[in-house]
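So the structure is just underneath, and the comments pick up after that.
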Amino acid sequence: MLRIPVRIPTVLAILALVLLCGCTYKADIRAAPAVNIYSSYEGKIPGPVFLVMDKGVVASPVTIKTATRICNFHQYSSDPGDALLASIRQTTEAMFETVLEKKQLPTAEELREAGAAGYVFVKIARYAPRMRVDPGFFSGSASATAEIGMEITAKDAANKTLLSTMVAGLRTADGDSGPNCDHAAMVLSDAVAAATQEAMERYAERIANSQQVRMVFEGGRPLLFVNKR
Numbered sequence: 002m003l004r005i006p007v008r009i010p011t012v013l014a015i016l017a018l019v020l021l022c023g024c025t026y027k028a029d030i031r032a033a034p035a036v037n038i039y040s041s042y043e044g045k046i047p048g049p050v051f052l053v054m055d056k057g058v059v060a061s062p063v064t065i066k067t068a069t070r071i072c073n074f075h076q077y078s079s080d081p082g083d084a085l086l087a088s089i090r091q092t093t094e095a096m097f098e099t100v101l102e103k104k105q106l107p108t109a110e111e112l113r114e115a116g117a118a119g120y121v122f123v124k125i126a127r128y129a130p131r132m133r134v135d136p137g138f139f140s141g142s143a144s145a146t147a148e149i150g151m152e153i154t155a156k157d158a159a160n161k162t163l164l165s166t167m168v169a170g171l172r173t174a175d176g177d178s179g180p181n182c183d184h185a186a187m188v189l190s191d192a193v194a195a196a197t198q199e200a201m202e203r204y205a206e207r208i209a210n211s212q213q214v215r216m217v218f219e220g221g222r223p224l225l226f227v228n229k230r
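Just so you know, the working numbering puts 202 at position 201 of the sequence shown, and the rest follows in order with no gaps.
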């Protein structure tokens, strides 16, 4: 039988090379629409309204490394674009009676044909995930923070600006990094979901409580305030 000599230093060198190369773990990003919408008005805003969304800075995946040496040889990739658009869509549907999604800004003719009093344009302007992993007993302790910023513009059928603002969500999630650092991707997912929901709730509050938006879509009818007492 042929015996192939195996040199221990060679094996160790190969293992070290594999570890240094690391892996790329993907963080699964889920939709997180607004759950609690604070509004001073009763009911949804009458529709229809055109909704135009732009992925902006999240048009392509974002890859990060940990800010600490632990797990730093791995990369963590996240692609929040579709989940953020789904969150915006669902949040807008919770505010307006009818939402018409469009890829480009609607023309005056399209607004007139749809009977829409205006449109809302939302662009993802900031996405800043970061993570650190501190030493633990069996595995590291991961802490991920995500910041999401959105530019929001609401205009009427005459292209007059009703609302122009920016909202943001900033949240942190903690958890176990796992023996191979793979669980840290789930911690990053949780942080992004929490930041997304906070940004969506702020977006909803700005639109739902805008007197100008309400007046245009109500067609000049008296606004009904909610009695908070």
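Here a beta-carbon is modelled for each residue, glycine too, at the ideal position from N, C-alpha and C.
In this text, all values refer to a predicted model and were calculated from it rather than measured experimentally.
Taking C-beta atoms as the reference points, Ala33 and Ser88 count as a pair closer than 7 Å.
Contact between the region 67 to 77 and the region 101 to 108 is absent, with fewer than three C-beta pairs closer than 8 Å. Under a 10 Å Cβ-count criterion, Arg133 is classified as buried, with 16 or more other Cβ atoms of the shown protein chains found around its own Cβ. Here Thr92 is buried: its Cβ has 16 or more other Cβ atoms, across all protein chains shown, within 10 Å.
Of Lys56, Phe51, Tyr42, Cys72, the smallest CA-CA separation from Pro107 is found for Phe51. Annotated as proximal: Lys27 and Ser78, with beta-carbon spacing under 7 Å.
Contact between the region 163 to 182 and the region 213 to 220 is present: three or more C-beta pairs spanning the two stretches fall below 8 Å. Membership of Gly150 in the beta strand (DSSP E) is indicated by the continuous run 142 to 157. The closest CA to that of Ala147, considering only Pro136, Phe122, Thr173, is found on Thr173. Residues of the same chain with a CB within less than 6 Å of the CB of Ala129, apart from the 5 flanking positions on each side, are Glu148 in chain order. If you compare the alpha carbons of Ile38, Gly23, Asp29 with that of Ala209, the shortest gap goes to Ile38. Val123 and Ser140 have their C-alpha atoms roughly 40 Å apart. Exclusion of the five residues before and after Glu219 leaves Pro47 as the residues of its chain whose Cβ lies within less than 7 Å of its Cβ. Annotation for Ile89: the continuous alpha helix (DSSP H) segment containing it runs 82 to 96. Boundaries of the beta strand (DSSP E) harbouring Leu52: 50 to 55, taken from the DSSP string.
Counting C-beta atoms within 10 angstroms of its own C-beta, Arg113 has fewer than 16 neighbours from the protein chains shown and is therefore classed as exposed. Beyond the five residues adjoining it in sequence on each side, Ala195 comes within less than 7 Å, by CB distance, of Arg172, Ala174 in the same chain, given in chain order. When C-alpha distances from Arg127 are compared across Asp135, Ile153, Glu111, the shortest belongs to Ile153. With contacts defined as CB atoms closer than 7 Å, Ala159 and Leu189 fail to qualify as a contacting pair. Excluding five sequence positions before and after Cys72, the CB atoms of its chain that fall closer than 7 Å to its own CB belong to Val134, Gly141, Ser178, Cys182, Ala185, given in chain order. For Lys56 and Asp29, the gap between their C-alpha atoms comes out near 17 Å. Secondary structure of Leu106 (DSSP, three-state): coil.
Contact between Asp191 and Gly176 is confirmed by a C-beta separation of about 7 Å, below the 8 Å threshold.
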